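Asker:
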Amino acid sequence: VNIDGQNPDEFSFKQKSLFYTRKIAMVHQALFLFDALSLDENIQLKNKLTSFKSDKEIRTILQKLDIEKQVKQKVKTLSYGQKQRLAIARALCQPFEFILLDEPFSHLDKENAKIAWELICEEANKQNAGIILTSLDKDSHTNFDKILNL
Numbered sequence: 125v126n127i128d129g130q131n132p133d134e135f136s137f138k139q140k141s142l143f144y145t146r147k148i149a150m151v152h153q154a155l156f157l158f159d160a161l162s163l164d165e166n167i168q169l170k171n172k173l174t175s176f177k178s179d180k181e182i183r184t185i186l187q188k189l190d191i192e193k194q195v196k197q198k199v200k201t202l203s204y205g206q207k208q209r210l211a212i213a214r215a216l217c218q219p220f221e222f223i224l225l226d227e228p229f230s231h232l233d234k235e236n237a238k239i240a241w242e243l244i245c246e247e248a249n250k251q252n253a254g255i256i257l258t259s260l261d262k263d264s265h266t267n268f269d270k271i272l273n274l
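Counting from 1 along the sequence shown, just add 124 to a position and that's the residue number in the working numbering.
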């Protein structure tokens, strides 16, 4: 896949690092969180790399996702749904041209999935960014200009 006419596979390590901290945000199905760190430490690791969000903006995201009370809790003690919301919050703490979401709502109830989706769309709109979502949920609350069924 070429992006802006360039193949990321051909980038140097430094170019890849800049690319993935400035152009692509990701929420992996496996989440890739640091279990031994707190929720806040996981967010701050990402935000320190980009300096993109203020502490107030981060707090607002955590409040909307209903995980602000767990901010000092170690990730290993969180439910899977809380971990998914943390992974979404962390992805939103960086600039991006595309956000890639791999089953981001699989362990969220309908209300939390709706809130998370609205937050993702709001941030993507602010950044004039695209959203790429993979989901097995046929009754999805999401709406897209284009849907590919594989």
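Ideal placement from N, C-alpha and C gives every residue a C-beta, glycine not left out. None of these values were measured; they are calculated from a predicted model.
Are the CB atoms of Cys-217 and Asn-171 nearer to each other than 7 Å?
Answerer: As a position in the sequence shown, residue 217 is number 93, starting the count at 1. As a position in the sequence shown, residue 171 is number 47, starting the count at 1. Closer than 7 Å, so yes.
Asker: Checking the sheet assignment: what are the DSSP bridge partners for Thr-258?
Answerer: Counted from its first residue, the sequence shown places residue 258 at position 134. Asp-226.
Asker: What's the C-alpha gap between His-152 and Gly-129?
Answerer: For the purposes of this step, residue 152 is identified with residue 28 of the sequence shown, where counting begins at 1. For the purposes of this step, residue 129 is identified with residue 5 of the sequence shown, where counting begins at 1. If I take the Cα positions, the gap works out to 25 Å.
Asker: Run the CB neighbour count on Gln-187, radius 10 Å, all protein chains shown included, and call it buried at 16 or more, exposed below.
Answerer: For the purposes of this step, residue 187 is taken as residue 63 along the sequence shown, with counting starting at 1. Per the 10 Å Cβ criterion, exposed.
Asker: Quick check on the DSSP output: the beta strand (DSSP E) that includes Ala-149 runs from which residue to which?
Answerer: By 1-based counting over the sequence shown, the position of residue 149 is 25. First-last of the beta strand (DSSP E) with Ala-149: 148-151.
Asker: Using alpha carbons as the reference points, say which of Arg-214, Glu-247 and Ile-244 lies closest to Thr-145.
Answerer: By 1-based counting over the sequence shown, the position of residue 145 is 21. Looking at the Cα atoms, Arg-214 is the closest of the given residues.
Asker: Among residues of its own chain, excluding the 5 on either side of Leu-155, which ones have a beta-carbon nearer than 6 Å to its beta-carbon?
Answerer: As a working note, residue 155 is residue 31 in the sequence shown. Around Leu-155: Lys-207 and Ala-211.
Asker: Is DSSP giving Ser-141 helix, strand or coil here?
Answerer: The residue you call residue 141 lines up with position 17 of the sequence shown. Correct three-state label for Ser-141: helix.
Asker: Where does the unbroken alpha helix (DSSP H) through Ala-215 begin, and where does it stop?
Answerer: For the purposes of this step, residue 215 is taken as the residue at position 91 of the sequence shown. Per DSSP, Ala-215 belongs to the alpha helix (DSSP H) from 204-215.
Asker: Are the beta-carbon atoms of Leu-257 and Leu-232 separated by less than 7 Å?
Answerer: On the sequence shown, position 133 is the one that residue 257 refers to. On the sequence shown, position 108 is the one that residue 232 refers to. Against a cut-off of 7 Å, the Cβ pair of Leu-232 and Leu-257 comes out as no contact.
Asker: Measure the beta-carbon distance from Ser-311 to Gln-197 and round it to whole angstroms, keeping in mind my assumption that it falls under 8 Å.
Answerer: Because the chain in this structure spans residues 125 to 274, residue 311 falls outside the shown range and cannot be described.
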